[in-house]
Amino acid sequence: MSSAKDAVNEQKALLAAAAGGSTAIIAQLLLLILTVLPLALNVPANINIVATASLCVFVGCWRSVKDTPPSESMTKRDALKFPLIGSAVLVGLFALFKFLPKDVVNAVLTAYFVLLGTFAVTAAMLPIIEGILPQNWQGQALKIKGFTMPHLVKEPTDIAATYPELTCGLLSLMFCCWYYAKKHWLANNVLGICFSVEGIEHLSLGSVQTGAILLSGLFFYDIFWVFCTPVMVTVAKSFDAPIKLLFPRVESLAEGKAPFSMLGLGDIVVPGIFVALILRYDAKQNFTSKYFRSAFGGYIGGLAATIVVMNIFEAAQPALLYIVPAVLGAVGLHACARGQFKQVFEYSEESKEQLEEAAAGDKGILQSILEVIGCSDKSNSSKKQQ
Numbered sequence: 003m004s005s006a007k008d009a010v011n012e013q014k015a016l017l018a019a020a021a022g023g024s025t026a027i028i029a030q031l032l033l034l035i036l037t038v039l040p041l042a043l044n045v046p047a048n049i050n051i052v053a054t055a056s057l058c059v060f061v062g063c064w065r066s067v068k069d070t071p072p073s074e075s076m077t078k079r080d081a082l083k084f085p086l087i088g089s090a091v092l093v094g095l096f097a098l099f100k101f102l103p104k105d106v107v108n109a110v111l112t113a114y115f116v117l118l119g120t121f122a123v124t125a126a127m128l129p130i131i132e133g134i135l136p137q138n139w140q141g142q143a144l145k146i147k148g149f150t151m152p153h154l155v156k157e158p159t160d161i162a163a164t165y166p167e168l169t170c171g172l173l174s175l176m177f178c179c180w181y182y183a184k185k186h187w188l189a190n191n192v193l194g195i196c197f198s199v200e201g202i203e204h205l206s207l208g209s210v211q212t213g214a215i216l217l218s219g220l221f222f223y224d225i226f227w228v229f230c231t232p233v234m235v236t237v238a239k240s241f242d243a244p245i246k247l248l249f250p251r252v253e254s255l256a257e258g259k260a261p262f263s264m265l266g267l268g269d270i271v272v273p274g275i276f277v278a279l280i281l282r283y284d285a286k287q288n289f290t291s292k293y294f295r296s297a298f299g300g301y302i303g304g305l306a307a308t309i310v311v312m313n314i315f316e317a318a319q320p321a322l323l324y325i326v327p328a329v330l331g332a333v334g335l336h337a338c339a340r341g342q343f344k345q346v347f348e349y350s351e352e353s354k355e356q357l358e359e360a361a362a363g364d365k366g367i368l369q370s371i372l373e374v375i376g377c378s379d380k381s382n383s384s385k386k387q388q
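When the letters of the sequence shown are read in order and numbered with my numbering, they come out as residues 3 to 388.
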């Protein structure tokens, strides 16, 4: 009886996965259409922001569902350090724009992002190109044996690239060169979307607990740097590179306001990798749980709330202030309603070895915190000796 039930559940899971994959393909087409649509029509910027970001998250999440688990993932130690590292990078960029010519800084950083963008666009385009090129091209590859490069590749290395990869790489390089020359908002958005989708697809939080720590830390990070200082807004406006999506606001030109609304890629990728983790949890449960719907719905609701508040107060808003509680709250309430909060909160896709290493690192963090507040055995023993 149980085997028959398992077979039925497995069949339902296969159907759900197939339906999700088909929906993801449709979402990619919609994302492509929505990206170029402002060239022909006046798309309301607020609707465009929510729709584009949501489609990026949806596509990236479904592309992250694979047979093999990610080889590397973020640890709790990494999640705790991330807001601090992000703050240091943000302050560093602010100082660069303040003390160096903006054009020079942007030229160097843009060249770096063009290089990264070539790989990101190639990876994003590859599944599409593979479906277009002739079948006899799929298995053929250009091979270079014993490749070396001074100061970079010292030991001879064999390199192989398939014809679809070479085709995508060439097209991506041409596209990125066009972006570098023209800095058109459409090219910026294509690169930004590719970065977002690839980031959500390949970055792994490892566990729900790590994701909750990361989102909670960046919740306060976003509030501080947007509300308490001008640093984040200044960097976002000065940084002329595809770290944000630009949405044309034709109606604002007549009023003399900024012609674009902006959304940082972090507001897409960071919540997106958590939503992707929840989808992979659903996949492991043969899609009998529906937590992805709650997480994805929470993301859409949180981003929509950001837009509403931004329009009411006519001031920049930290999107994670609204997205983080919406996503974590939606998943938490759903899990509580099903009586599975502990099961969901303790979910991890890390291997046994990774869990042991992470546990050792977490003990190190706890020990450091206890030493600072004077509650550890080590600090108490030192006090006694004194």
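Using N, Cα and C, we set each Cβ at its ideal position, and we do this for glycine too.
Close Cβ partners of residue i (< 6 angstroms) along its chain, the five nearest in sequence each way excluded
i	result
M312	Q319
P40	P250
Y165	W139 and Q142
E157	none
T308	Q319, A321 and Y324
Cβ shell of residue i (< 8 angstroms), same chain only, five flanking positions each side left out
i	result
F115	L193, A243, P244 and I245
Q287	none
F101	none
Residues near residue i by beta carbon distance below 7 angstroms, same chain, minus five either side
i	result
D105	none
V465	Only positions 3 to 388 of the chain appear in this structure, which leaves residue 465 out of reach.
V61	A26, A29, Q30, L33 and V199
A125	E200
G88	Y223
Which listed residue (the options) has its alpha carbon closest to that of residue i
i	options	result
D224	V199, H204 and D269	D269
I161	P273, L144 and L247	L144
I275	P129, L207 and G303	L207
F226	A332, L92 and G331	L92
V333	W180, G304 and R295	R295
P85	G219, G133 and E351	G219
F177	E132, L217, M127 and K147	M127
P261	I35, V45 and L36	V45
Alpha-carbon spacing of residue i relative to residue j, whole angstroms
i	j	result
C230	V272	22 angstroms
I314	I325	18 angstroms
V233	L247	19 angstroms
C377	S174	Unreliable placement is indicated for C377, whose pLDDT of 47 sits below 50; no coordinate value is reported for it.
T212	A337	17 angstroms
F411	A163	Nothing can be reported for residue 411: it is not among the residues displayed for the chain, which extend from 3 to 388.
T169	H186	23 angstroms
P103	N191	25 angstroms
I134	L172	16 angstroms
V235	P136	47 angstroms
K147	A183	34 angstroms
Anticipated Cβ contact below 8 angstroms, residue i with residue j, distance rounded
i	j	result
V237	F96	5 angstroms
R251	A47	5 angstroms
K78	I215	6 angstroms
I302	S56	5 angstroms
L279	V210	7 angstroms
Y349	Y283	5 angstroms
V52	V277	V52 to V277, Cβ: 15 angstroms. No contact.
C63	L281	5 angstroms
Sub-9 angstroms separation of residue i and residue j beta-carbons
i	j	result
F197	G119	yes
E167	R65	no
A321	L265	yes
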